[in-house]
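Trainee:
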Amino acid sequence: MAAQLKDAAQVDSATWFRVANFLADYAHRLDDGLIDDWTGFFTQDAVYQVTTRENFEAGYPIGIMLCEGRGMMEDRVLALKTANVFEPHTHCHILGRPDLRPAPDGTIAARSNFSVYRTMESGATELFALGKYLDRIVFEGGQPRFRERRVILDSRCIDVLMVFPL
Amino acid sequence: MNPTTASSLSEPLAWPEGGVARVPFRVFSDAEIYALEQERIFRGPIWNFLCMEADVARPGDVRTTWVGETPVVVTRDQDGKLHAMVNRCAHKGALVCLKQKENRESLTCVYHAWNYSLDGKLQSVAFRNGLKGKGGMPEDFDPSKHRLQPLRVATFCGLVFGTFSEETEPLEDYLGAPMAKFIARNLGRPLKVLGVHSQMIHNNWKLYAENVRDSYHATLLHTFYTTFKVNRLDMDGGIILSDKKWHHISYTKRATLQAEKEYETVHAGQYQSQLAGPELLRAWDEFDDGITHSIQTVFPTLVVHFTLNSLAVRYFVPRGVDKTELYWVFLGYERDDAAQQRMRVMQGNLTGAAGLVSLEDGCINEFVQRGTHGSPDEEAFIEMGGKVAESNESSRATEASVRGFWHGYRNIMGFN
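Residue numbers (the working numbering), protein chains in the order written: chain A, 213 to 378; chain B, 531 to 946.
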C-alpha cells in the first residue's frame, strides 16, 4: 500500500516539476474525454484502485474499482465505451499540491488531494468525489508512470454511479 | 394491525384494473403514500434488516442504522445479548449515537447527558435532584417510564433483523422454509466482511425493489453479464417466490448455456470481446447444486447476491420519496484461503457503484422516476411471463417476482 513517508525529504525540484506535470496531465486528459490515453499512464503490472477512506482504514480489500495490470484497465475502458449504459457526463479534476518523496524501493511515493466535479446533460454541475491520491511512481525510459494509484474517497457514498476512472 | 384502507390518503388510491400486472405511477412520487409506507411497512408487521451480526460482534459494540426513515441503534450488551432501539433520546428527541460504529459501556445523549444502558434503559439524568437543593426533576419522575423505544430483534445466518410490531411472526416463519434454506446456503457459515460502500440513487425505494427482482432486464441492460456468459436467460434457471410472494430467489446455472439466437438481436449481445484481464472472472465451483448466479430478496429492503464467487448483502434505505441509499456489504467466508479471497476481490468489480454488471442500476431507476414523475395517473405494464405472480422454475423471461412484490405491497398497504 502506498503510505506516506513522513520522514523522507521531498524529491529534487527537477523531478518534482516533472512528476507534478505528469499528475496534471493525467487529470487533464481524463477531463478532456481522452479515455484511451488512461492506461498509458500506468506500468504494465500497475494497480489502480478506487476505494473509500472507511475501507482503506479498515484494511478491507474491496472498494469501488480495482484493476491489477493494464489488461484489466483496458477492459474497463472497453466496457464503458461499448457495454455500460449511463447518462452522459463529464468530470473536472481540481488537484492539490503534490507531496513527492523518494521511497526505499526506488519509487516516488506521492500524495495529493483532489476534488472532481461532475457535469450532467441537464447542465447541473456538482461535487462528485473528494479525497486523496496515494501513488507509487517510477520512471520508465525517462517517462513517469504509476506503478500504483490508490484513489481514496473521503465519502463512503457514491452519487448515482461511477463509470469513469478518477 | 389497523384495518388498512387506501382511504387514509387525502385522495384514495384506486389500483388499476389488471391487478399485479399494473402499477400506478403515483406510488413512486406521492409523499402521502411514502409517509403511509413508513407506518404500514417499516413500522408494521415485517422484519427489517438492521445490520450484519459482524457489525456488533463484541460486547459494547454499537451500530447505527435505519428502519425506513427512523434512526435505529443496534447494541450488544455485556452479556452478549443483542438489542435494537430507536436512536432518539427520550428527553428531547435528539440522536443518541452519532457514529456508524463504536464500542461503548453505555449510551449518553450529548444534549443533556441522559444516560442509557446498552439495552436502552434510562440509567441516569443529569441534575435530577437539582443543584444546591434547587431545580431538578419533579418528585414523580420515574426513570423506568423513559427509555429508548425498543424493537424486537432476531438473527439468522449473520443477519440482524428488527421489527416494531408485536404481531410480526417469528423470523423464520416470515422468511419461510425455501427462503431460509437458500440464505443458509449462502450465508450459513462464519462470514468475513471484505468491503462496504453505498450509492445514492435518485428514485423511490420501490423502483429498486422492483429492479432487483426483475430477471427480464438483467441480461438486456447489463451487457457485461450476457457477453461474458455470467448470466443469460438461455441458461437453466428459475424464479422461486415465497408464500406471500414478496421475497424471491432468481437463480442461474452457467454450465447449462445453450446459446439462443434471440440474444444476437439485442444490444447486450452485440458487445464481443475477450477480456484482456481474464482474472476478473476467474472462479471456482463452490456448491454442488450447479447454481452459479443468484439474487435473493427479503421484503422490503434486503438483497443477497451470489454471482460466481462474489457474495454480497445489499440493503436500501429510503431517504425521501425520490431518493434511496443503496448499501453494499461484500463478504467472504472465514474459511476462504488466499486464492479464494483473491477471486472474490477481483469479482468485486462486477457489482457495487462501479460494478461492470450493476452500475446501470444506479441510473435506470432514476430514468423511471423522471419519466413517471409528472404522470401519477398513468401505469406500468408488467405482463412478461404472464399476469400472475407464481414461481417459475423453467424460465426467467418473466416479471413474476416483480408482480410478487406488488402482490405483497398491495396487501400490506391495503391498496386493493
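Just so it is clear, CB atoms sit at the ideal spot from N, CA and C, and this is done for glycine as well.
So which residues of chain A does Asn879(B) contact, with C-beta pairs closer than 7 Å?
Mentor: The contacting residues are Met277, Leu278.
Trainee: Would the beta-carbon of Lys774(B) fall within 7 Å of that of Gly938(B)?
Mentor: Yes; because the gap between Cβ atoms is below 7 Å, this pair is in contact.
Trainee: Check the Cβ-Cβ distances between Val297(A) and every residue of chain B, and say whether any is below 7 Å.
Mentor: Yes, because at least one Cβ of chain B sits closer than 7 Å to the Cβ of Val297(A).
Trainee: Candidates Thr294(A), Gly353(A), Ser225(A): which alpha carbon is nearest Leu751(B)'s?
Mentor: The option with the nearest alpha carbon to Leu751(B) is Thr294(A).
Trainee: Closest by CA to Glu269(A), which one among Gly725(B), Ile779(B), Phe671(B), Asp867(B)?
Mentor: Looking at the Cα atoms, Gly725(B) is the closest of the given residues.
Trainee: Please list the residues of the region 720-742 of chain B that have a C-beta atom closer than 9 Å to any C-beta atom in chain A, keeping them in chain order.
Mentor: If the cut-off is 9 Å between Cβ atoms, the region 720-742 of chain B has Val723, Leu724, Gly725, Val726, His727, Ser728, Gln729, Met730, Ile731, His732 near chain A.
Trainee: Taking Cβ positions only, does Ala883(B) come closer than 7 Å to chain A?
Mentor: So, interface residue.
Trainee: Answer yes if the region 679-698 of chain B comes into contact with the region 803-818 of chain B, meaning at least three C-beta pairs across the two stretches below 8 Å, and no otherwise.
Mentor: The region 803-818 of chain B vs the region 679-698 of chain B: no contact.
Trainee: Can you give me the Cβ contacts of Asp484(B) inside the same chain, cut-off strictly under 8 Å, excluding the 5 residues immediately before and after it?
Mentor: The displayed coordinates of chain B run from 531 to 946. Any statement about residue 484(B) would go beyond what the structure contains.
Trainee: Mind checking the region 540-557 of chain B against chain A and listing, in chain order, the residues whose C-beta falls within less than 9 Å of any C-beta there?
Mentor: Residues: none.
Trainee: Could you tell me the alpha carbon to alpha carbon distance between Lys344(A) and Tyr238(A), rounded to whole angstroms?
Mentor: Using only the alpha carbons, I get a separation of about 15 Å.
Trainee: For Tyr610(B) and Leu721(B), I'd like the C-alpha separation in whole angstroms.
Mentor: Before going further, note that residue 610(B) is Gly rather than Tyr in the sequence given. Approximately 18 Å between the Cα atoms of the pair.
Trainee: Among Phe836(B), His676(B), Tyr857(B), which one has its Cα closest to the Cα of Gln877(B)?
Mentor: When only C-alpha atoms are compared, the closest one is Phe836(B).
Trainee: I believe Pro906(B) touches Ser559(B) by the beta-carbon criterion, under 8 Å. Please report the beta-carbon distance rounded to the nearest angstrom.
Mentor: About 6 Å separates the two Cβ atoms, so the contact holds.
Trainee: Exposed or buried, which one is Ser931(B) when buried takes at least 16 other CB atoms within 10 Å?
Mentor: Buried: at least 16 other Cβ atoms inside 10 Å.
Trainee: Of all the beta strand (DSSP E) runs that stay within the bounds of the region 334-363 of chain A, which reach a length of 3 or more residues?
Mentor: You should have 337-352.
Trainee: Run the proximity test for Tyr863(B): is its beta-carbon closer than 6 Å to any non-hydrogen atom belonging to the ligand ZN?
Mentor: Here there are no bound small molecules, and the ligand ZN is not part of this structure.
Trainee: Would Phe935(B) and Arg719(B) qualify as a contact pair, given that the criterion is a beta-carbon distance under 7 Å?
Mentor: For Phe935(B) and Arg719(B), no; Cβs fall outside 7 Å.
Trainee: Count the other CB atoms, across all protein chains shown, that sit within 10 Å of the CB of His642(B); report buried if there are 16 or more and exposed otherwise.
Mentor: Its Cβ having fewer than 16 others within 10 Å, His642(B) is exposed.
Trainee: Could you have a look at Lys722(B) and say whether DSSP puts it in helix, strand or coil?
Mentor: Lys722(B) falls in the strand class under three-state DSSP.
Trainee: With burial defined as no fewer than 16 other Cβ atoms inside 10 Å of the residue's Cβ, what is the status of Pro848(B): buried or exposed?
Mentor: By the 10 Å Cβ count, Pro848(B) comes out buried.
Trainee: So, at 8 Å on beta carbons, what are the nonlocal neighbours of Gly915(B) in its own chain, with the 5 sequence-adjacent residues on each side left out?
Mentor: For Gly915(B), where only same-chain residues beyond five positions count, the Cβ hits under 8 Å are Tyr746, Asn922, Ser925, Ala927, Thr928, Glu929, Ala930.
Trainee: Out of Thr638(B), Leu648(B), Phe572(B), Cys639(B), which one is the CA nearest neighbour of Pro589(B)?
Mentor: Out of Thr638(B), Leu648(B), Phe572(B), Cys639(B), Leu648(B) has the C-alpha closest to the C-alpha of Pro589(B).
Trainee: In angstroms with no decimal places, state the Cα-to-Cα distance between Glu360(A) and Leu763(B).
Mentor: Looking at the two C-alpha atoms, the distance is approximately 39 Å.
Trainee: Say whether chain A places a C-beta atom closer than 7 Å to the C-beta of Cys893(B).
Mentor: Output row for Cys893(B): interface = yes.
Trainee: What did DSSP end up calling Gly318(A) once you bin it into helix, strand or coil?
Mentor: Coil at Gly318(A), not helix or strand.
Trainee: Are there three or more Cβ pairs, one per stretch, closer than 8 Å when the region 667-674 of chain B is compared with the region 546-566 of chain B?
Mentor: Contact between the region 667-674 of chain B and the region 546-566 of chain B is absent, because fewer than three Cβ pairs lie under 8 Å.
Trainee: Taking C-beta pairs closer than 9 Å, name the residues in chain A that Thr753(B) reaches, listed in chain order.
Mentor: Going along chain A in sequence order, the residues near Thr753(B) (Cβ under 9 Å) are Ala291, Thr294, Ala295, Asn296, Val297.
Trainee: State the Cα-Cα distance for the pair Gly245(A) and Val375(A), rounded to the nearest angstrom.
Mentor: Spanning the two alpha carbons is a distance of roughly 13 Å.
Trainee: Taking Thr319(A) and Val363(A) to be in contact with their CB atoms under 8 Å, please state how far apart those CB atoms are, rounded to whole angstroms.
Mentor: Rounded, the Cβ-Cβ distance is 17 Å, inconsistent with contact.
Trainee: With 16 other CB atoms within 10 Å as the buried threshold, where does Val640(B) fall?
Mentor: Label assigned to Val640(B): exposed.
Trainee: Evaluate contact between the region 600-607 of chain B and the region 697-705 of chain B, counting only Cβ atoms and requiring at least three cross-stretch pairs below 8 Å.
Mentor: Touching, no.
Trainee: Does any CB atom of chain A fall closer than 7 Å to the CB of Gly807(B)?
Mentor: At least one chain A Cβ lies under 7 Å of Gly807(B).
Trainee: Shortest alpha-carbon distance to Arg476(B) belongs to which of Trp545(B), Asp818(B), Ser728(B)?
Mentor: Outside the displayed span of chain B (531 to 946) sits residue 476(B), for which this structure offers no information.
Trainee: My output table needs one value for Met873(B): the three-state DSSP class, helix, strand or coil.
Mentor: Met873(B) falls in the helix class under three-state DSSP.
Trainee: State the DSSP-derived secondary structure class of Val918(B), mapped to helix, strand or coil.
Mentor: Three-state DSSP puts Val918(B) in coil, outside helix and strand.
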